[in-house]
Amino acid sequence: MGVHESRAAVAEAVSALDAAVATLRLHYGDTLGVRRLVSDVARLGDDLDELGDPQPGHGPYPVRQLEVVPDEPYDPSMWAGAEDEGLGAPDRRAP
1 MGVHESRAAV
11 AEAVSALDAA
21 VATLRLHYGD
31 TLGVRRLVSD
41 VARLGDDLDE
51 LGDPQPGHGP
61 YPVRQLEVVP
71 DEPYDPSMWA
81 GAEDEGLGAP
91 DRRAP
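For the sequence shown, the working numbering assigns the number 1 to the initial residue and increments by one for each residue that follows.
1) Below 8 Å, can you find three or more Cβ-Cβ pairs linking the segment 63-79 to the segment 34-50?
2) Using only the alpha-carbon positions, how far apart do Ala19 and Leu26 sit?
3) Look up Ala82 in the DSSP assignment and say whether it is helix, strand or coil.
4) Which of the three DSSP states is assigned to Arg35 in this structure?
5) My output table needs one value for Gly57: the three-state DSSP class, helix, strand or coil.
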């Protein structure tokens with residue numbers, strides 16, 4: 001999805017949210033919570049309008065690949081000489 005399609009989708013979502021909040025205002029009246037919602041939705045629209053075009057050279061983030069960690073146990077020799085975190089060296093006792 002390109003930048004213009006993304007902005008149009010967000011604008012459509014903000015418009016739908018604005019309509020939903022207007023419906024809530026009919027049911028709840030002019031309460032503090034409703035006024036905050038109205039203000040928040042207006043702010044979303046204003047922020048979208050102020051967003052402008054993306055910076056030149058700023059592309060989409062690369063898609064991260066999921067790293068699969070096998071369930072089989074690690075080779076015990078990998079832990080040779082390692083200390084258990086919080087327990088100290090095997091030849092010493094905790095106070």
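The beta carbon of each residue, even a glycine, is placed where N, CA and C say it ideally should be. None of the values given here were measured: they were computed from a predicted structure.
Let me spell this out:
1) no
2) By 1-based counting over the sequence shown, the position of residue 19 is 19. By 1-based counting over the sequence shown, the position of residue 26 is 26. Near 11 Å, if we compare the C-alpha coordinates of Leu26 and Ala19.
3) Walking along the sequence shown from the start, residue 82 turns up at place 82. DSSP places Ala82 in coil when its eight states are reduced to three.
4) Locating residue 35 in the sequence shown gives position 35, counting from the first residue. It is helical.
5) Mapped onto the sequence shown, residue 57 falls at position 57. It is coil, neither helix nor strand.
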